[in-house]
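Protein chains: 2
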Amino acid sequence: MALTYELIKECKQSGARLGKIHTSRGIIETPIFMPVGTQATVKTMAPEELKEIKSQIILSNTYHLYLRPGHHLIEKAGGLHKFMNWDKPILTDSGGFQVFSLGDLRKISEEGVEFRSHLDGSKHFISPEKAVEIQNALGSDIMMVFDECAPYPADTSYVKSSLERTTRWAKRCKEAHKNTETQNLFGIIQGGMYADLRKQSAEELIELDFPGYALGGLSVGEPKPLMYEVLETTTPLMPKNKPRYLMGVGSPDALIEGVIRGIDMFDCVLPTRIARNGTAMTSHGKVVIKNAKYTENFEGLDLECSCYTCKNYSKAYLRHLFKANEVLGLRLLSYHNLYFLLKLMEEIREAIKKDRLLDYRKNFFEKYGYEV
Amino acid sequence: MALTYELIKECKQSGARLGKIHTSRGIIETPIFMPVGTQATVKTMAPEELKEIKSQIILSNTYHLYLRPGHHLIEKAGGLHKFMNWDKPILTDSGGFQVFSLGDLRKISEEGVEFRSHLDGSKHFISPEKAVEIQNALGSDIMMVFDECAPYPADTSYVKSSLERTTRWAKRCKEAHKNTETQNLFGIIQGGMYADLRKQSAEELIELDFPGYALGGLSVGEPKPLMYEVLETTTPLMPKNKPRYLMGVGSPDALIEGVIRGIDMFDCVLPTRIARNGTAMTSHGKVVIKNAKYTENFEGLDLECSCYTCKNYSKAYLRHLFKANEVLGLRLLSYHNLYFLLKLMEEIREAIKKDRLLDYRKNFFEKYGYEV
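Residue numbers (our numbering), protein chains in the order written: chain A, 1209 to 1580; chain B, 1209 to 1580.
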């Protein structure tokens, strides 16, 4: 079954949308944050724990899985869902972002991108067709087209020619896509920080009629207000009857601001990455757990949070686990941070329902502290 | 409530005993293996998972907790159980073994042991009184006397004077012990590989009337048959109405052989340590999961095991997790290895019940492969 987006209601206070994405592996209530499982595992977490904290969909990574363990192996295993023991929807990115992040290790041509593996230096070539072939083998529910994520800053002419290639690649991806009945290929709107180029990209891709659209090339180093400006000019150009996905965004403030500007889906390694560094997101802002001031703090991490970590462990214990390099510390903070973001999205959905998302933002920021 | 040992039955095929240790935190069915949580966490595992695999009691480490986070901090936190979120019994060793393992970093005198921390080189002194004070602060259900674990090999005169000091220290520990109502102090029989010295140590300690007795100074590098010989001559000297604990033993073959010779309790870091190195204990022997032959092996780790890991993941996936340095791999193998040993102990108890432990050993070894 192809994916469909059901718009339930629009917030009267903002551009936010409450919706449902219907997939063959269940319904995704939007707006939603998607935990990232780069290498076929959301770092430190078991699938049951992801369900416990109400993850509706997770993301995995084409570039990483292509290199290790290889998409053919995962196909033989019965697909990515079976391989990693996750029966809810999976979104795979196209590998474009990772390949372009390789810098000197890659060479772009019209045909695709030649690059060297970050693991062993071996030479590889990913074309739009190859990116689709890999994702078809993985069997993800939502696939992404192979795009070029232009750097920030980049001048107009570069961004323009880059987005036009992204459009040509999107067409090739669409043509190469084999499992249209079971897998849904999303387009990625590029165009850097230029409103007119975003418009051009959106129009060209909408023409290709993808079942959903992402915004790429944002959260790549630009100031947040600039990202919000791009969202404000671009989301109104995106189809109302299809999901809108802002790639690589996961800070609480940017999630709220993104939703306010009409975004339905987000993903980011931020919550799990900072967790492994010992930083927790809490209702009163960030907590750096190794800080000496928590040595004898026997209270929970976030007194307003009712997650497993906050109900059962003190800051002093969590600090001890991090000081002693114990894996349980990584687990407990990853669990909490993901819970925190998924709970935030749940509260955002509730606020949209009640047409009070701007009030919610105000209350949230007063406690959390705004981060631009 | 002081701990009591209830002897349920003796195996007609061997010296094995089926029993129950009654503690204020519940009943422990023996023979039992105790997972080790050195730094107030059984590495990679959450307490709920330890319960899921039926851990009845876990072990923690006086030396490590004294250095980090400090026993005073744990006392302020409400004791070790509350600190680490574990409400079943905890056994703490005395720190003796760790301190003696420091080699050049420690200096033994009649008063106690002066040593330098392995963490920061700071100077410390642990006396029998101090070891008890620390364990009283931790609030463990079973405490161990501060003993000297003589190395292997060691000559008779050294071992004799060492065990005699251990007896003197045991007396001092008993006198220093403050919470006799809620915490139970076990004696540790030393004497190296010398039957007459083991006898001397056993007699001296039995005289002191501890609620349980351990055998220390075994599994320290001697051949396994020699350890079994020591067990054969020593366990008959130990009280029948008290638990017998063989310290630091956790290989499947040694657990079975130990039980056959009358041991009730075991602990070892082996199952979790080898798990983190990618080695699983299975009913057909050890599996080194990174081995290339498992690359496309889509079967479970151990087809005869019904643990969470074996039910849900393939060898190929576990191998991928280890190759990709993913924490979930450490978790899944630790979970399996502990499950494997706890299940082994359950089967051993069942075999004692049916007076067929020697038959069980034969069947087990035929599949597992004997390791001397």
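For glycine and all other residues, C-beta sits at the position ideal for the given N, C-alpha and C. Computed from a predicted model, the values in this text were never measured in an experiment.
N-terminal and C-terminal residue of the beta strand (DSSP E) that R1452 of chain B is part of
R1452 to L1454
Buried or exposed: which applies to F1323 of chain A, given that a residue is buried once 16 or more other Cβ atoms fall within 10 Å of its Cβ?
buried
In or out: H1272 of chain B buried (at least 16 other Cβ within 10 Å) or exposed?
buried
Closest to I1235 of chain A by C-alpha separation, out of A:E1555, A:H1544, A:F1573 and A:P1451, would be which residue?
A:P1451
Whose C-alpha, out of A:G1227, A:G1456 and A:E1341, is nearest the C-alpha of T1238 of chain A?
A:G1227
Is P1277 of chain A close to chain B? Criterion is C-beta to C-beta, closer than 8 Å.
yes
By how many angstroms is the C-alpha of F1241 of chain A removed from the C-alpha of E1512 of chain B?
39 Å
Shorter than 8 Å from the beta carbon of Q1264 of chain A to some beta carbon of chain B?
no
State yes or no: is the C-beta of V1353 of chain B within less than 8 Å of the C-beta of S1317 of chain B?
no
Check whether the Cβ atoms of C1357 of chain B and F1305 of chain B sit closer than 8 Å, and answer yes or no.
yes
When the cut-off is 8 Å and only beta carbons count, does Y1521 of chain B lie next to chain A?
yes
Ends of the beta strand (DSSP E) at E1237 of chain A?
G1234 to T1238
Distance, Cα to Cα, Q1247 of chain B vs L1509 of chain B?
28 Å
Ignore the nearest five residues each way along the sequence and tell me which others in K1531 of chain B's own chain have a CB closer than 8 Å to its CB.
K1498
Are the beta-carbon atoms belonging to V1340 of chain A and T1480 of chain A less than 8 Å from one another?
no
Please give the ranges of any beta strand (DSSP E) in the stretch 1278–1356 of chain B, keeping only runs that are unbroken, at least 3 residues long and fully inside the region.
1298–1301, 1314–1316, 1321–1324, 1331–1334 and 1350–1352
Identify the residues that DSSP records as bridge partners of N1392 of chain A: which are they?
A:I1350
Have a look at A:Y1366, A:T1388, A:T1443 and A:L1267 and flag the residue whose alpha-carbon is nearest the alpha-carbon of S1222 of chain A.
A:T1443
What span of residues does the beta strand (DSSP E) with I1216 of chain B cover, start to end?
T1212 to E1218
Every unbroken beta strand (DSSP E) within the stretch 1380–1459 of chain A, with a cutoff of 3 residues, ordered by chain
1392–1397, 1421–1423 and 1452–1454
Per DSSP, what kind of secondary structure is R1469 of chain B in: helix, strand or coil?
coil
Between the alpha carbons of A1403 of chain A and R1484 of chain B, how many angstroms are there, rounded?
51 Å
Check whether the Cβ of Q1247 of chain A lies closer than 8 Å to any Cβ atom in chain B.
yes
Own chain residues within Cβ distance below 8 Å of R1376 of chain B, not counting five before or after:
E1318
Quick one: is D1567 of chain B buried, meaning 16 or more other Cβ sit within 10 Å of its Cβ, or exposed?
exposed
Between the alpha carbons of Y1274 of chain A and I1342 of chain A, how many angstroms are there, rounded?
7 Å
Using the Cα positions of K1262 of chain A and T1441 of chain B, report the straight-line distance between them to the nearest angstrom.
58 Å
Interface flag, A1254 of chain A vs chain B, CB-CB below 8 Å:
yes
I1266 of chain A, DSSP secondary structure in three states
strand
Can you give, in chain order, each stretch of the alpha helix (DSSP H) that sits fully within the stretch 1461–1536 of chain B and has at least 4 residues?
1478–1484, 1516–1520 and 1523–1531
Where does R1564 of chain A sit, in a helix, a strand or coil, going by DSSP?
coil
For M1553 of chain A, which three-state DSSP category applies?
helix
Classification of M1553 of chain A by the beta-carbon crowding that lies within 10 angstroms, buried from 16 upward:
buried
Hey, quick one: how far does the alpha helix (DSSP H) through K1259 of chain B stretch, first residue to last?
P1255 to E1260
Which chain A residues are close to K1284 of chain B, counting only those with a beta carbon under 9 Å from its beta carbon?
E1504, F1506 and A1524
Could you tell me how far apart the beta carbons of K1575 of chain B and H1492 of chain B are, in whole angstroms, since I believe they sit closer than 8 Å?
6 Å
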